[in-house]
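Per this note's numbering, the sequence shown starts with residue 1, numbered consecutively.
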Amino acid sequence: MCSWCWGFAPVAQALAEQAKAAGVELHLVVGGLRTGSGSALEPNTRRYILEHWQAVQQATGQPFTFEGALPDGFVYDTEPACRAIVTARGLAADCAWSLLGLIQRAFYVEGRDVTLASVLVELAEQAGVPRIEFAAAFDRADQHAATAADFTWVQDLGIAGFPTLLAERNGQLALLTNGYQPLDQLSPLLGRWLERAACA
1 MCSWCWGFAP
11 VAQALAEQAK
21 AAGVELHLVV
31 GGLRTGSGSA
41 LEPNTRRYIL
51 EHWQAVQQAT
61 GQPFTFEGAL
71 PDGFVYDTEP
81 ACRAIVTARG
91 LAADCAWSLL
101 GLIQRAFYVE
111 GRDVTLASVL
121 VELAEQAGVP
131 RIEFAAAFDR
141 ADQHAATAAD
151 FTWVQDLGIA
161 GFPTLLAERN
171 GQLALLTNGY
181 QPLDQLSPLL
191 GRWLERAACA
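Structure follows, in structure tokens:
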């Protein structure tokens with residue numbers, strides 16, 4: 001539920017394929033952009049967010065649906081969507097990336113409320129996660145704890161902007177990007193890191 005992450009999705013996909021081709025394992029960590037407010041969006045905040053979405057659309061070309069987006073009473077809480085990713089990651093790691101894309105498209109293009117467990121269960125099933133297993137695990141205490149652990153890891157690194165891509169070798173982290181950048185800037189950067197990793 002981060003508009004720049006949705007804008008970045010095609011770039012992230014291309015970089016993931018580049019990394020996989022070099023035999024590098026990928027790990028998806030959720031950052032917790034807007035969690036636990038519990039209150040509905042104020043009209044001014046809604047206007048600001050939709051203007052932000054328009055800027056992302058113009059910069060990235062990713063599709064957004066603005067009519068009916070963020071309806072009255074909507075509580076913009078990213079924790080359930082983050083927890084869905086963490087749950088999928090634990091049950092069927094290969095499906096977590098697919099679920100991320102489905103959640104993003106459902107929220108930004110289809111105007112669906114991805115804070116609802118029923119919607120997330122449906123999307124998880126579409127991503128290939130067994131529905132019954134996902135539904136049983138999604139609200140368990142260990143999934144809440146694992147999601148909070150992701151948030152803490154991100155905060156402890158001082159990451160405040162999304163998307164963020166890190167590369168790790170021998171326990172050392174390298175920042176590839178903090179924020180949106182186009183593929184033609186990031187692919188050579190990743191390529192150089194992969195070359196150095198192969199030589200290490």
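Glycine included, every Cβ here is placed at the ideal spot set by N, Cα and C.
Quick caveat, the model's predicted, so the values are computed rather than measured.
Does the Cβ of residue i have 16 or more other Cβ atoms within 10 Å, making it buried, or fewer, making it exposed?
i	result
P153	Sequence check: residue 153 is Trp here, not Pro. Exposed, since its Cβ has fewer than 16 Cβ neighbours within 10 Å.
G199	Here residue 199 turns out to be Cys, not Gly, going by the sequence shown. Exposed, since its Cβ has fewer than 16 Cβ neighbours within 10 Å.
T78	buried
F66	exposed
T60	buried
T35	buried
I85	buried
Taking the alpha-carbon positions, what's the residue i to residue j distance?
i	j	result
D142	A149	10 Å
V30	E51	24 Å
N170	G23	15 Å
R112	W193	38 Å
Q155	L123	28 Å
M1	E17	23 Å
L15	L190	8 Å
Q104	E195	32 Å
F64	Y76	17 Å
N178	W53	18 Å
Taking DSSP's pairing of strands, which residues face residue i in a bridge?
i	result
Q172	R169
N178	T164
Are residue i and residue j close, meaning C-beta to C-beta below 8 Å?
i	j	result
L33	F162	yes
L99	A88	yes
T45	A81	no
L183	W97	no
R83	T164	no
G91	F151	The question names Gly, but residue 91 in the sequence shown is Leu. Contact flag unset, no.
| task | Decide yes or no for the touch test of the region 120–140 against the region 159–177: beta carbon pairs closer than 8 Å, at least 3 of them. | result | No, the region 120–140 is not in contact with the region 159–177.
| said: Below 8 Å, how does it come out for the region 90–109 and the region 3–17: are there three or more Cβ pairs, yes or no? | reply: Counting C-beta pairs with one atom in each stretch, the region 90–109 and the region 3–17 have three or more that are closer than 8 Å, which means they touch.
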